[in-house]
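Chemist: Mind having a look at this structure? Questions to follow.
Protein chains: 4
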Amino acid sequence: MEIPENSSKASGGESGEGPAPRGRPRSEAARRAVLEAALELCQRDGYQELTMKGIADEAGVGRQTVYRWWPTKQDVLIEVLGELPHRTPDRLFPDTGSVRDDVEELLTYTFELTRGVTGRAVVGLMADAQGDAELSRRLQESVIGPRREVLRQILERGVRRGELTEGADASLDLAVDFAFGVMWYRLLSRHAPVDDELAAELAAALEKLLSGDGGAGDGAGAGARRHRQ
Amino acid sequence: MEIPENSSKASGGESGEGPAPRGRPRSEAARRAVLEAALELCQRDGYQELTMKGIADEAGVGRQTVYRWWPTKQDVLIEVLGELPHRTPDRLFPDTGSVRDDVEELLTYTFELTRGVTGRAVVGLMADAQGDAELSRRLQESVIGPRREVLRQILERGVRRGELTEGADASLDLAVDFAFGVMWYRLLSRHAPVDDELAAELAAALEKLLSGDGGAGDGAGAGARRHRQ
Amino acid sequence: MEIPENSSKASGGESGEGPAPRGRPRSEAARRAVLEAALELCQRDGYQELTMKGIADEAGVGRQTVYRWWPTKQDVLIEVLGELPHRTPDRLFPDTGSVRDDVEELLTYTFELTRGVTGRAVVGLMADAQGDAELSRRLQESVIGPRREVLRQILERGVRRGELTEGADASLDLAVDFAFGVMWYRLLSRHAPVDDELAAELAAALEKLLSGDGGAGDGAGAGARRHRQ
Amino acid sequence: MEIPENSSKASGGESGEGPAPRGRPRSEAARRAVLEAALELCQRDGYQELTMKGIADEAGVGRQTVYRWWPTKQDVLIEVLGELPHRTPDRLFPDTGSVRDDVEELLTYTFELTRGVTGRAVVGLMADAQGDAELSRRLQESVIGPRREVLRQILERGVRRGELTEGADASLDLAVDFAFGVMWYRLLSRHAPVDDELAAELAAALEKLLSGDGGAGDGAGAGARRHRQ
DNA sequence: TCCTAAGCGAGACGGTACGTCGTGTCTTCTG
DNA sequence: CAGAAGACACGACGTACCGTCTCGCTTAGGA
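If you want it as structure tokens, here you go:
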């Protein structure tokens, strides 16, 4: 149960060690137990039912220990979510040579995650972020932003290769919004599944949306431009 | 805010009343007070802070009166949301002759609503609907579904007129998901505003997505179909 | 000295009813359960171990219900102690015709009580009253004072009858302090028991202390000896 | 805050030292800091508010250091109380030649102490001793007993000299109980002060109680009167 | 001069009681 | 009967102290 963790004198840093760590060091075992308990309970009972007391009890940890390191259950979940991707970093950055396949692969993997462990947690956090700008910012930084960035880079690579064209009708940002927007919308409203088929449909739709010749081209494009003035 | 209490046919109609309502009739004043208090508080303090006790106190109503008619705060909010559209029925069904303009008008109005009174309520409800199938179904029926239907009919009208084409790459349903998905995604993650400009961009993007000649046409469509098998 | 308990329409008072009692009336069952639980637990585990949570749990009552009516455990105990004498009012006011016998009877009964149910409670309260003037005042009023008063009246009756003399060396107040002082001292330090024999000794000593001529020797001494047999 | 640390016979005596003390010797500075902090805090905030954590923090000492040497706060206080008398040993053993004066002097000094530093501590300890036989025994041994013994010896000296008579009505033990009983009773219930006047009254009352002939006697009574002026 | 041992400040740990608040149910009186 | 008032049993909240446990650092005696 003992894991090194020892930050002090790690890698020989003899300079800016900080304020010298005194007292009993933080228990990595307790930290992990809390994070896993939170994820487990959130998945089992739902975000709303998730409770600081419940987390502490499930983790076999004192309540104070939870509050000492995470002021709210949101903080616990954000830390869990921040650590999850490290478990399978490979599937997060697909590069098959085809934009469409890369997009589809990324979305397939992302959808899997949301259907599985993280779904209820992330949806609950997002809902709480309504009316809580700070939480919103942190989610943006740790969860939403990174995922957006990955998709965006795939699309930019496609533009560079000439597979895609960032047109007047749809910026890359809007394209990213498209993919994840549909995902969130369906996760929340549940009017349709978030599955592999959706990943394929979205990959195709994005390709069309960013196709150079611009289907609705003439009138439509003019209209859009007219509207925006 | 004073309402005579019993506007309904109390005492009077003894004809085909049905099961004969005995005792004191339900107070319309109390009902309205509860609904308005709920909307007000949800908007002011957020969905999570909304409380049955808070609603009752704010409405100047006994707690039992709230529980008698609405088992949960979700029920209260759903009833409020169900009544709101009746206040401005005109803007909900635009018909300018141009699909793009109709879409833009509808989205502009919808975005206004979500930025205003209903935003926090609907997001909170959606989040609660995670893991509550019944609530999910009711939301689908009373809030999500109707909005989808309006947009869908506008698009179908466009297809009938020949302005749009439901292509292999993007069904009408996916197009509807696109519009509302982006809206929800931005409402939740706040990485970009939900404003009139977005309405215009989405109208243009939808037009392109549903354009007949299909930019990425061939390979893409085939790919999508291939994937679905 | 509240006995009737039932303030509402007690004894037919149809005039100044007060502010009209609204809402669910207080549960007498819960009240009694709390009082008895407190007494029970205090006796079993000691005053220090007595806990608001413990009282509530033992009484099968919500914690809030305890706090609603008694801000602290001291309040609970004071109310219990205030009600106890009513159970056996007869032995509290002995009047045998002999001062010595009255004193002995009163002390015997008082010692019984302190050895039994009330001992630990009262001692704990007294200790808490150190440094809490308000608690001190209330204890004085509801517990200490009344007991002092009973003994004082017995002694005053003796003075009126000529059996005793309030002398220059010892006021009645000091005599009362004597009796109860020895009791408390032994209860606390436990160097000697607080039993019937002590009651007899104290009755004799008080008689001597308040003998006018100082010759408690003769009759009083004989009386004491007679009693001890 | 630096104190030589090792006042005790360290190093010197290698004769019957026992198991030879290894490791870092106990810090006398820490010991004193704890004792003084405990006394200070108990006097300032009261016995109930006294806390092991509070003592450690106030003393600038680790919590473990307190627990290592004193299992409970009672132990800390008992050790403090055991050291206090050594500061003024002279007034503890009055011998003026007159029993009454000796008694009055002893009580006057004792009352001073209880009004001052030790009051709240001793009362709290006594209250805790209810239901804790071991604590009771230790208090008896270290605090209560010694004080009783001093008074008892004064009274015995009086009996030897013929000033007093241990009569059938009141043993010396009861007389001692009388004096300290009244003190404790007043300390706890606060119905009257514990001051010099009480010391004089008690000295007079004891004299009368232990007068052989029962006399509020001639000389004694006169003496009492003389004293009160 | 190291080695072993124990005391020390610090502070994290698993617990538990605190007093408050919201839950959903109930029980009274008034309309 | 509906409604308002509010008491009820329940349980989560975040805080404080409990007594124990690890840390790194003295500070001694014995090797």
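Protein sequences appear in the order of chains A, B, C and D. Start counting the first sequence at 526; every next residue gets the next number (the working numbering). Start counting the second sequence at 526; every next residue gets the next number (the working numbering). Start counting the third sequence at 526; every next residue gets the next number (the working numbering). Start counting the fourth sequence at 526; every next residue gets the next number (the working numbering). For each residue, glycine too, the CB sits at the ideal point set by N, CA and C. In this text, all values refer to a predicted model and were calculated from it rather than measured experimentally.
Please classify Gly744/C as buried or exposed, where buried requires at least 16 other C-beta atoms within 10 Å of its C-beta.
Modeler: On the third sequence, position 219 is the one that residue 744/C refers to. Confidence is the limiting factor: at Gly744/C the pLDDT is only 35, short of 50, which leaves the residue's position unreliable, though a coordinate-based value still follows. When all chains shown are included, Gly744/C counts as exposed.
Chemist: Residues in the same chain with beta-carbon distance under 7 Å from Ala724/D, minus the five sequence neighbours each way, listed in chain order, please.
Modeler: Working through the fourth sequence from its first residue, we reach residue 724/D at position 199. Glu629, Leu632, Thr633, Phe636, listed in sequence order.
Chemist: With burial defined as no fewer than 16 other Cβ atoms inside 10 Å of the residue's Cβ, what is the status of Gly683/C: buried or exposed?
Modeler: Within the third sequence, residue 683/C is the residue found at index 158, counting from 1. The residue is buried, with at least 16 neighbouring Cβ atoms inside 10 Å.
Chemist: Suppose the cutoff is 7 Å on Cβ atoms and the five residues either side in sequence are ignored; what does the same chain contact list for Gln599/B look like?
Modeler: For the purposes of this step, residue 599/B is taken as the residue at position 74 of the second sequence. Around Gln599/B: Leu650, Asp653, Leu660.
Chemist: So what's Ser736/B in DSSP terms, helix, strand or just coil?
Modeler: By 1-based counting over the second sequence, the position of residue 736/B is 211. Coil.
Chemist: Keeping to the same chain, check which residues put their C-beta closer than 7 Å to that of Gly571/C; ignore five residues upstream and five downstream.
Modeler: By 1-based counting over the third sequence, the position of residue 571/C is 46. Answer for Gly571/C: Arg645, listed in chain order.
Chemist: From the beta carbon of Gln665/A, is the nearest beta carbon of chain B less than 7 Å away?
Modeler: Indexing the first sequence from 1 puts residue 665/A at position 140. It does; some Cβ of chain B falls within 7 Å.
Chemist: Check whether chain C comes within 7 Å of Val684/D, counting only Cβ atoms and requiring the distance to be less than that.
Modeler: In the fourth sequence, residue 684/D corresponds to position 159, counting from 1. Val684/D does not count as touching chain C.
Chemist: When you check each C-beta in the segment 573 to 589 of chain D against every C-beta of chain C, which residues fall closer than 9 Å?
Modeler: Gln573, Glu574
Chemist: Just to confirm the assignment, what range does the alpha helix (DSSP H) spanning Arg672/D have?
Modeler: Taking the first residue of the fourth sequence as 1, we reach residue 672/D at position 147. Looking at the DSSP string, the run of the alpha helix (DSSP H) that includes Arg672/D is 670 to 686.
Chemist: I need the DSSP call for Gly644/B, collapsed to helix, strand or coil.
Modeler: Sequence index remark: in the second sequence, residue 644/B carries index 119 (1-based). Helix.
Chemist: Show which residues of chain C have a CB atom less than 9 Å away from the CB atom of Glu726/D.
Modeler: Stepping through the fourth sequence from its first residue, residue 726/D is reached at position 201. Simply Asp694, Ala695, Ser696, Leu699.
Chemist: Check each candidate in Gln573/C, Ala562/C, Cys567/C, Val601/C and name the one with the smallest Cα separation from Asp582/C.
Modeler: Residue 582/C sits at position 57 when you count from the first residue of the third sequence. Nearest of Gln573/C, Ala562/C, Cys567/C, Val601/C to Asp582/C, Cα basis: Ala562/C.
Chemist: Along the alpha helix (DSSP H) that carries Arg588/B, what are the first and last residues, could you check?
Modeler: Taking the first residue of the second sequence as 1, we reach residue 588/B at position 63. 588 to 594 is the extent of the alpha helix (DSSP H) around Arg588/B.
Chemist: For Val559/D, does the three-state DSSP call read helix, strand or coil?
Modeler: The residue labelled residue 559/D in the question sits at position 34 within the fourth sequence. Val559/D falls in the helix class under three-state DSSP.
Chemist: Comparing the C-beta of Gly649/B with each C-beta of chain A, is any distance below 7 Å?
Modeler: As a working note, residue 649/B is residue 124 in the second sequence. At a cut-off of 7 Å between C-beta atoms, Gly649/B counts as an interface residue with respect to chain A.
Chemist: Please report whether the beta-carbon of Ile669/D lies at a distance below 7 Å from any beta-carbon of chain C.
Modeler: Reading the fourth sequence from its first residue, position 144 is the one you call residue 669/D. So, interface residue.
Chemist: Leaving out five residues before and five after Pro619/D in sequence, what residues of the same chain have Cβ atoms less than 6 Å from its Cβ?
Modeler: As a first step, residue 619/D is located in the fourth sequence; it is residue number 94 there, counting from the start. Result list for Pro619/D: Asp627, Glu630, Leu631, in chain order.
Chemist: Taking Asp498/D as the query, report the chain C residues whose CB atoms sit under 7 Å from its CB, ordered along the chain.
Modeler: Since the first residue of chain D shown is 526 and the last is 754, residue 498/D is not available in this structure.
Chemist: I need the straight-line Cα distance from Arg616/D to Gly622/D, nearest angstrom please.
Modeler: As a first step, residue 616/D must be located in the fourth sequence, where it is residue number 91. As a first step, residue 622/D must be located in the fourth sequence, where it is residue number 97. The alpha-carbon atoms of Arg616/D and Gly622/D are separated by roughly 15 Å.
Chemist: Would you decide whether Tyr710/B is buried or exposed? Buried here means 16 or more other CB atoms lie within 10 Å of its CB.
Modeler: Translated into the one-based positions of the second sequence, residue 710/B becomes position 185. Burial call: buried.
Chemist: Is there a Cβ of chain B sitting closer than 7 Å to that of Asp702/A, yes or no?
Modeler: Taking the first residue of the first sequence as position 1, residue 702/A is located at position 177. With 7 Å as the cut-off, Asp702/A counts as an interface residue toward chain B.
Chemist: Does Arg715/D have its Cβ less than 7 Å from a Cβ in chain C?
Modeler: Start at 1 with the first residue of the fourth sequence, and residue 715/D comes out as number 190. So, interface residue.
Chemist: Between which two residues does the alpha helix (DSSP H) harbouring Ala717/A extend?
Modeler: Indexing the first sequence from 1 puts residue 717/A at position 192. Where Ala717/A is concerned, there is no enclosing alpha helix (DSSP H), given that its DSSP letter is neither H nor E.
Chemist: Does the separation of the CB atoms of Ala695/B and Leu731/B fall below 7 Å?
Modeler: Here the question's residue 695/B lines up with position 170 in the second sequence. Here the question's residue 731/B lines up with position 206 in the second sequence. No; because the gap between Cβ atoms is not below 7 Å, this pair is not in contact.
Chemist: In the structure shown, what three-state DSSP assignment does Arg547/C receive?
Modeler: One-based indexing of the third sequence puts residue 547/C at position 22. Arg547/C: coil per DSSP, three-state reduction.
Chemist: Do Gly548/D and the ligand COA come close, with the Cβ less than 6 Å from some heavy atom?
Modeler: As for the ligand COA, it is missing from this structure, which has no ligand bound.
Chemist: Could you tell me the alpha carbon to alpha carbon distance between Gly537/C and Arg556/C, rounded to whole angstroms?
Modeler: Numbered from its first residue, the third sequence carries residue 537/C at position 12. Numbered from its first residue, the third sequence carries residue 556/C at position 31. Note that Gly537/C scores 41 on pLDDT, short of 50, meaning its location in the model is unreliable; the coordinates nonetheless yield the value given after this. Taking the Cα positions, Gly537/C is about 25 Å away from Arg556/C.
Chemist: Would you give the residue range spanned by the alpha helix (DSSP H) that Leu606/C belongs to?
Modeler: As a working mapping, residue 606/C is identified with position 81 in the third sequence. Where Leu606/C is concerned, the enclosing alpha helix (DSSP H) stretches over 598 to 608.
Chemist: Nearest-angstrom Cα distance between Ala749/C and Ala728/C?
Modeler: Here residue 749/C refers to the residue found at position 224 when the third sequence is read from its first residue. Here residue 728/C refers to the residue found at position 203 when the third sequence is read from its first residue. For Ala749/C, the predicted model reports a pLDDT of 34, less than 50, meaning its position is unreliable; a value from the coordinates is still stated below. Taking the straight line from one Cα to the other gives about 8 Å.
Chemist: Find the residues of chain C that neighbour Trp709/D, judging by a C-beta separation of less than 7 Å, and give them in chain order.
Modeler: Position 184 of the fourth sequence, counted from the start, is the residue given in the question as residue 709/D. In chain order: Gly706, Trp709, Tyr710, Leu713.
Chemist: From Pro596/B to Leu689/B, what distance separates their C-alpha atoms?
Modeler: For the purposes of this step, residue 596/B is taken as residue 71 along the second sequence, with counting starting at 1. For the purposes of this step, residue 689/B is taken as residue 164 along the second sequence, with counting starting at 1. Cα to Cα, Pro596/B sits roughly 45 Å from Leu689/B.
Chemist: Of all the CB atoms in chain A, is at least one closer than 7 Å to the CB of Ala562/B?
Modeler: The residue labelled residue 562/B in the question sits at position 37 within the second sequence. Not one chain A Cβ lies under 7 Å of Ala562/B.
Chemist: Using 7 Å as the limit for Cβ to Cβ distance, is Ser661/A near chain B?
Modeler: For the purposes of this step, residue 661/A is taken as the residue at position 136 of the first sequence. True, the Cβ-Cβ gap to chain B drops below 7 Å.
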